[in-house]
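Participant: Residue numbers (mature numbering (1 follows the signal peptide of the UniProt record, and there is no 0)): -19 to -1, 1 to 114. Backbone N, C-alpha and C define an ideal beta-carbon position, used for all residues, glycine too. Take a look at this one; I'll ask things after.
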Ligand SMILES: *[C@@H]1O[C@H](CO)[C@@H](O)[C@H](O)[C@H]1NC(C)=O
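Written out as structure tokens, the structure is:
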């Protein structure tokens, strides 16, 4: 379908309010930008996420298709500055409180909503702090 539109694809992501809903009494702690991105198939995409607290130990990017639950994409520990998994690379800059997800060679299947989440705890066992989402 998207191929008929010139093989461009739209990558979207949301303010992660849902991720913070378990922490309702806190200010929004994560900010994602820009709100959407259009890239050509095969191009690279960069999604940014800023946070405002130094207490986080663990960061996760999720991918979500319409009317489906988010699925785990890639994570990074606060002690790391880079984690790579296939076409996905996450960079963490602790001093800038900045996290970015780089998607190489974007494909049509990458058209989705992306969410970043941060946790003060590390789930080393499952590497998924929100198994119910
Ligand atoms: C991290 O962010 C700081 C402040 O913006 C910047 O000076 C520094 O170069 C960044 N480090 C890396 C590895 O990008």
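Provide the residue(s) that pair with residue 39 in DSSP beta bridges, ordered along the chain.
Facilitator: Along the chain shown, read from residue 1 onward, the residue named residue 39 stands at position 58. The partner list for residue 39 (beta bridge, DSSP) reads 58 and 100.
Participant: So, are the CB atoms of residue 27 and residue 83 less than 8 Å apart?
Facilitator: The residue labelled residue 27 in the question sits at position 46 within the chain shown. The residue labelled residue 83 in the question sits at position 102 within the chain shown. A contact, by the Cβ cut-off of 8 Å.
Participant: Suppose you measure from the CA of residue 74 to the CA of residue 35; what does that come to, to the nearest Å?
Facilitator: In the chain shown, counting from the first residue as 1, residue 74 sits at position 93. In the chain shown, counting from the first residue as 1, residue 35 sits at position 54. Approximately 11 Å between the Cα atoms of the pair.
Participant: Would residue 58 and residue 30 qualify as a contact pair, given that the criterion is a beta-carbon distance under 8 Å?
Facilitator: In the chain shown, residue 58 corresponds to position 77, counting from 1. In the chain shown, residue 30 corresponds to position 49, counting from 1. No, they are not a contact pair.
Participant: Buried or exposed for residue 56, going by 16 or more other Cβ atoms inside 10 Å?
Facilitator: For the purposes of this step, residue 56 is identified with residue 75 of the chain shown, where counting begins at 1. The residue in question, residue 56, is buried, as its Cβ has 16 or more Cβ neighbours within 10 Å.
Participant: When we look at the beta-carbon of residue 77 and count the other beta-carbons within 10 Å, is it buried (16 or more) or exposed?
Facilitator: Here the question's residue 77 lines up with position 96 in the chain shown. Result: exposed.
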